[in-house]
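Worksheet: the structure to be examined is printed underneath.
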Amino acid sequence: MNAVLKLILQGEALDAGKLADLLALPQIEIDRQIADLKRDGILLGWRPVINPDYEADNAVRAHIEVRVRPEGGLGFDRLAERIAQFEQVETCYLMSGAFDLLVIVKDTNLRKVAAFVHDRLAKLEGVQSTATCFMLRAYKEHGHLITVTRPGADQPSVSP
22 MNAVLKLILQ
32 GEALDAGKLA
42 DLLALPQIEI
52 DRQIADLKRD
62 GILLGWRPVI
72 NPDYEADNAV
82 RAHIEVRVRP
92 EGGLGFDRLA
102 ERIAQFEQVE
112 TCYLMSGAFD
122 LLVIVKDTNL
132 RKVAAFVHDR
142 LAKLEGVQST
152 ATCFMLRAYK
162 EHGHLITVTR
172 PGADQPSVSP
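With the sequence shown counted from 1, adding 21 to any position gets you the working numbering.
Structure representation (structure tokens):
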């Protein structure tokens, strides 16, 4: 992986000096505001938007619909927080509708994702059922359109 991209993905913050220039504020004010946002739990980190095709050979993502049995007094929180702790889990949301939790998982191949769901997620006490959908191609990621310029662009990334 590109060394610069690797540092960015590890969460390197935007340079406070550049933010100060853009906003015409003193850098000390930018530093204070960033510290306040972190302290208040508003700013959790910095994350760039990466074209999923860039990592398609090294990563498989799936969205997993999970039905759970709520716990008396705690509802869905304890189990959702436990699921969110797994390193494969990128995102975990409480949902309304046909399922309770939406869990987005990332690993290096289909079998590892399937094994995670079968061996770990589905066996947690309180999990009633799971439905796994593998993500084949992204067209928009966090508000950014993804331009496809590779040969065979009319086929999903997982096609031969």
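Even glycine gets a Cβ: it sits at the ideal position worked out from N, Cα and C.
Next on the checklist: When you compare the stretch 145–160 with the stretch 75–91, are there three or more beta-carbon pairs, one atom per stretch, that lie closer than 8 Å?
Outcome noted: yes
Checklist entry - Are Q48 and A37 closer than 8 Å when you measure CB to CB? => result It is a contact, given that the beta carbons lie within the stated cut-off.
Checklist entry - Whole alpha helix (DSSP H) runs in the stretch 63–89 with 4 or more residues, listed along the chain? => result Runs of the alpha helix (DSSP H) inside the stretch 63–89: none found.
Checklist entry - Hey, is the stretch 122–130 in contact with the stretch 99–109, meaning 3+ C-beta pairs nearer than 8 Å? => result yes
Checklist entry - Would you report the Cα separation of K161 and P69, rounded to the nearest angstrom? => result 14 Å
Next on the checklist: Here's the rule I'm using: 16 or more other beta-carbon atoms within 10 Å means buried, otherwise exposed. How should I51 be labelled?
Outcome noted: buried
Checklist entry - For H163, which of helix, strand or coil comes out of DSSP? => result coil
Next on the checklist: Please state the DSSP three-state secondary structure of K39.
Outcome noted: helix
Item to check | Boundaries of the alpha helix (DSSP H) in which A152 is found, first to last residue | outcome: Here A152 belongs to no alpha helix (DSSP H); instead the beta strand (DSSP E) covers V148 to F155.
Checklist entry - Quick one: what's got a C-beta closer than 6 Å to N72's C-beta in the same chain, skipping five residues either side? => result I167
Next on the checklist: Assuming I189 and L131 are in contact, meaning their beta carbons sit under 8 Å apart, how far apart are those beta carbons, in whole angstroms?
Outcome noted: Lying before the first or after the last residue shown, residue 189 is absent from the chain, which here runs from 22 to 181.
Checklist entry - Who pairs with K185 in a beta bridge, going by DSSP? => result The shown model of the chain, from 22 to 181, leaves out residue 185, and the question about it has no answer.
Checklist entry - Do you know how far the Cα of H163 is from the Cα of V134? => result 23 Å
Checklist entry - Roughly how many angstroms separate the alpha carbons of L40 and G66, rounded to a whole number? => result 16 Å
Checklist entry - From G62 to V138, what distance separates their C-alpha atoms? => result 30 Å
Item to check | Selection from R53, R82 and G93 that minimises the alpha carbon distance to G147 | outcome: G93
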